[in-house]
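Some notes on the structure that comes next.
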Amino acid sequence: MVQLKYPIYQYKSTDFKRVSFSAKSVFPFDLFPDEIRIDEDKVDIIYIQFLLGREVASIPIKNINSVSSVSNGIFGSVSIDLIGFHKDPEPIRFLWSNEAEKARKLINQLVCQNKEVSTMRTSSAT
1 MVQLKYPIYQ
11 YKSTDFKRVS
21 FSAKSVFPFD
31 LFPDEIRIDE
41 DKVDIIYIQF
51 LLGREVASIP
61 IKNINSVSSV
71 SNGIFGSVSI
81 DLIGFHKDPE
91 PIRFLWSNEA
101 EKARKLINQL
111 VCQNKEVSTM
121 RTSSAT
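Numbering-wise (this note's numbering), the sequence shown opens with residue 1 and increments by one.
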């Protein structure tokens, strides 16, 4: 059996981030369901467009200023306000209301943790 001195492919990634939460918009009300995925250091918003495929907006947690959710009891939407961008991403609409609330809480928690880490770094540097 031949052993390679330097492996050609390394499949194990140490930089992989777990997806903490994922939700899709409800199908009958949104013919091409959009999706939101939240992991430890970014939020991915995937917009499905009819014949054009899909558009992915990947937003680092450090660039999020605030997040809000609006609910009517059945459906909800999530809006993200960014720092340093000309235009905020389009809200994710027609999520189940409990999923919209979970997404808002999780993103707010990650933003607060990120800001605490940033302030700890600046205060320890002085």
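Don't be surprised by glycine CBs; every beta carbon is placed ideally from N, CA and C.
All values reported here derive from a predicted model rather than from experimental measurement.
Practice task
Taking the CB atoms as reference points, tell me whether Gly76 and Asn98 lie closer together than 9 Å.
Solution key: Translated into the one-based positions of the sequence shown, residue 76 becomes position 76. Translated into the one-based positions of the sequence shown, residue 98 becomes position 98. In contact: Gly76 and Asn98 (Cβ atoms closer than 9 Å).
Practice task
Rounded to whole angstroms, what's the CA-CA distance from Ile80 to Ile107? Just pull it up for me.
Solution key: As a working mapping, residue 80 is identified with position 80 in the sequence shown. As a working mapping, residue 107 is identified with position 107 in the sequence shown. C-alpha separation (whole angstroms): 9 Å.
Problem - Ile74 (DSSP reduced to helix, strand or coil) - result: Here residue 74 refers to the residue found at position 74 of the sequence shown. Of the three classes helix, strand and coil, the one that applies to Ile74 here is coil, per DSSP.
Exercise for the section: Look at the Cβ atom of Gly48, then the Cβ atom of Pro33, and state whether they are nearer than 9 Å. Expected result: Your numbering for residue 48 matches position 48 in the sequence shown. Your numbering for residue 33 matches position 33 in the sequence shown. Before going on, a small fix: residue 48 reads as Ile here, not Gly. Yes; because the gap between Cβ atoms is below 9 Å, this pair is in contact.
Exercise for the section: Going by DSSP, name the residue or residues bridged to Gln109. Expected result: Counting from one through the sequence shown, the residue named residue 109 turns up at place 109. DSSP, once it has assigned bridges, lists no residue as partnering Gln109.
Handout entry: Start-to-end residues for the beta strand (DSSP E) that takes in Glu40
Key = Residue 40 sits at position 40 when you count from the first residue of the sequence shown. Premise fails: Glu40 is in no beta strand (DSSP E) and is neither H nor E.
Problem - Proximity winner among Ala100, Phe94, Lys102, relative to Leu31 (alpha-carbon distances) - result: As a position in the sequence shown, residue 31 is number 31, starting the count at 1. Of the candidates Ala100, Phe94, Lys102, the one whose C-alpha sits nearest the C-alpha of Leu31 is Phe94.
Problem - Counted within 10 angstroms of its Cβ, other Cβ atoms place Ser58 as buried (16 or more) or exposed - result: For the purposes of this step, residue 58 is taken as residue 58 along the sequence shown, with counting starting at 1. Exposed.
Practice task
Taking only the alpha-carbon atoms, compute the straight-line gap between Asn114 and Phe21 and give it to the nearest angstrom.
Solution key: By 1-based counting over the sequence shown, the position of residue 114 is 114. By 1-based counting over the sequence shown, the position of residue 21 is 21. Between Asn114 and Phe21, the C-alpha separation is close to 18 Å.
Handout entry: The beta strand (DSSP E) enclosing Phe21, as first and last residue numbers
Key = Numbered from its first residue, the sequence shown carries residue 21 at position 21. Phe21 -> beta strand (DSSP E) spans 19-24.
Handout entry: Own chain, CB closer than 6 Å to Phe29, minus 5 neighbours either side, in chain order
Key = Numbered from its first residue, the sequence shown carries residue 29 at position 29. Phe94, listed in sequence order.
Handout entry: Reference Glu101, options Leu110, Lys87, Ser68, closest by Cα
Key = The count along the sequence shown starts at 1 and reaches residue 101 at position 101. Closest option to Glu101, Cα to Cα, is Ser68.
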